[in-house]
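Peer 1: This is the structure, below, for whatever I ask next.
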Amino acid sequence: MSRFVPRALTVVLAGVVASVLAFASPAHAATFLTHSQAASQLNAAGVGWSSSGNCNDRNNARCTSFTDVRQVTINGIKTLKSASGCSINITAGTETGHAGGTYSHWNGYKLDISKYACISNYITGHFTYLGYIAGWGYQYRSGAGNLYTDEGNHWDILFYNCGGC
């Protein structure tokens, strides 16, 4: 009888653990936002955006869309604004017209921002210079691992995470 109890407890415990894991969402699951949800958060944080087409249609390259942007990306741009104390103007989000790939604008990982002296000085003064990436520009890595590329007339930012939010 004494050997039966530990085995029974092990079976019961294994069943409980399996049930919890089966219904728990993965820790790495991304939260994707609608354009309105992201815009509301950006407004509240004082982050601006502009669109050459004055629109937010994800399927129009002239628009600036936040449809299906990752919550981590929005948190990251808010962290950048807060840490730098600089004005931020987003010029590109998840709309079509950018390079593809896993860590792309379309997949919600990237935002482009206007290049101002304040934000450029912050990025170049606080992040690690990685070098010139042929065809792209000068690249810097934040302490959190996010990548900032000076593409000439704007900064292209790849948010792997929220940057310490």
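Note that the sequence shown covers residues -29 to -1, 1 to 136 in mature numbering (1 follows the signal peptide of the UniProt record, and there is no 0).
The beta-carbon is built from N, C-alpha and C at its ideal position, and this holds for glycine as well.
Can you tell me which of the three DSSP states Y93 falls into?
Peer 2: Taking the first residue of the sequence shown as 1, we reach residue 93 at position 122. DSSP places Y93 in helix when its eight states are reduced to three.
Peer 1: Using alpha carbons as the reference points, say which of I94, N78, R29 lies closest to E66.
Peer 2: The residue labelled residue 66 in the question sits at position 95 within the sequence shown. Closest by alpha carbon: R29.
Peer 1: DSSP puts G108 in a beta bridge; with which residues?
Peer 2: To locate residue 108, count along the sequence shown from 1; it is residue 137. According to DSSP, which records beta bridges pairwise, G108 is partnered with I104.
Peer 1: When DSSP labels each residue in this structure, what does D81 get in the three-state scheme?
Peer 2: Position 110 of the sequence shown, counted from the first residue, corresponds to residue 81. The question names Asp, yet the displayed sequence has Lys at residue 81. K81: strand per DSSP, three-state reduction.
Peer 1: Which of the three DSSP states is assigned to T2 in this structure?
Peer 2: Within the sequence shown, residue 2 is the residue found at index 31, counting from 1. T2: coil per DSSP, three-state reduction.
Peer 1: Give the C-beta separation of I84 and I61 to the nearest angstrom, bearing in mind that I take them to be a contact with Cβ-Cβ under 8 Å.
Peer 2: As a first step, residue 84 is located in the sequence shown; it is residue number 113 there, counting from the start. As a first step, residue 61 is located in the sequence shown; it is residue number 90 there, counting from the start. Yes, I84 and I61 are in contact; Cβ-Cβ is about 6 Å, under 8 Å.
Peer 1: Does DSSP classify A63 as helix, strand or coil?
Peer 2: Position 92 of the sequence shown holds residue 63. A63 falls in the strand class under three-state DSSP.
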